[in-house]
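*Asks:* Numbering (my numbering), first residue to last: 78 to 173.
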């Protein structure tokens, strides 16, 4: 399912850092709630809790891993994309 009209996903991976940026097409609170619930489900399934940054002005949510946890982030990102029914990422970089 291509949900890019609702949520754009971008991933950036570097040495000792990985991040996913989820940008919402609108200020729909239901969509934000859906994303937050998906993050909670993936946290429980993977037993990993990334740092989450919410930028309301840009309608963007950042999911970040740093240091040693970064090794498992690829699996986490894949599970989150699957939970959100996003089948592709917009690109491989994003800016804060």
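Beta carbons: idealized from backbone N, C-alpha and C, even for Gly.
1. With DSSP as the reference, identify every bridge partner of residue 138, one or two as the case may be.
2. What residues are listed by DSSP as bridge partners for residue 115?
3. Using only the alpha-carbon positions, how far apart do residue 112 and residue 121 sit?
4. Rounded to the nearest angstrom, what separates residue 99 and residue 126 at their Cα positions?
5. Please state whether DSSP places residue 89 in a helix, a strand or coil.
6. Quick one: what does DSSP say residue 143 is sitting in, helix, strand or coil?
7. Could you check the C-alpha separation between residue 82 and residue 138 for me, to the nearest Å?
8. Give me the Cβ distance between residue 177 and residue 118, rounded to the nearest whole Å; I'm assuming they're in contact under 8 Å.
9. When you compare only the Cα positions, how much space is there between residue 136 and residue 107?
10. Sort 123, 102, 158 by Cα distance to residue 133 and report the nearest one.
*Replies:* Considering the structure as presented:
1. For this step, residue 138 is matched to residue 61 along the chain shown. In the DSSP output, where bridge partners are listed per residue, residue 138 has 99, 131.
2. Position 38 of the chain shown, counted from the start, is the residue given in the question as residue 115. Per DSSP, residue 115 has no beta-bridge partner at all.
3. Residue 112 sits at position 35 when you count from the first residue of the chain shown. Residue 121 sits at position 44 when you count from the first residue of the chain shown. Here the alpha carbon of residue 112 sits roughly 14 Å from the alpha carbon of residue 121.
4. Translated into the one-based positions of the chain shown, residue 99 becomes position 22. Translated into the one-based positions of the chain shown, residue 126 becomes position 49. In this structure, the alpha-carbon of residue 99 lies about 17 Å from that of residue 126.
5. The residue given as residue 89 occupies position 12 in the chain shown. Residue 89 falls in the strand class under three-state DSSP.
6. Translated into positions along the chain shown, residue 143 becomes position 66. Strand, per DSSP.
7. Stepping through the chain shown from its first residue, residue 82 is reached at position 5. Stepping through the chain shown from its first residue, residue 138 is reached at position 61. One C-alpha to the other measures close to 16 Å.
8. With the chain represented from 78 up to 173, any question about residue 177 goes unanswered, as that position is not in the structure.
9. In the chain shown, the residue the question calls residue 136 occupies position 59. In the chain shown, the residue the question calls residue 107 occupies position 30. Each residue's alpha carbon lies about 13 Å from the other.
10. Stepping through the chain shown from its first residue, residue 133 is reached at position 56. Nearest of 123, 102, 158 to residue 133, Cα basis: 102.
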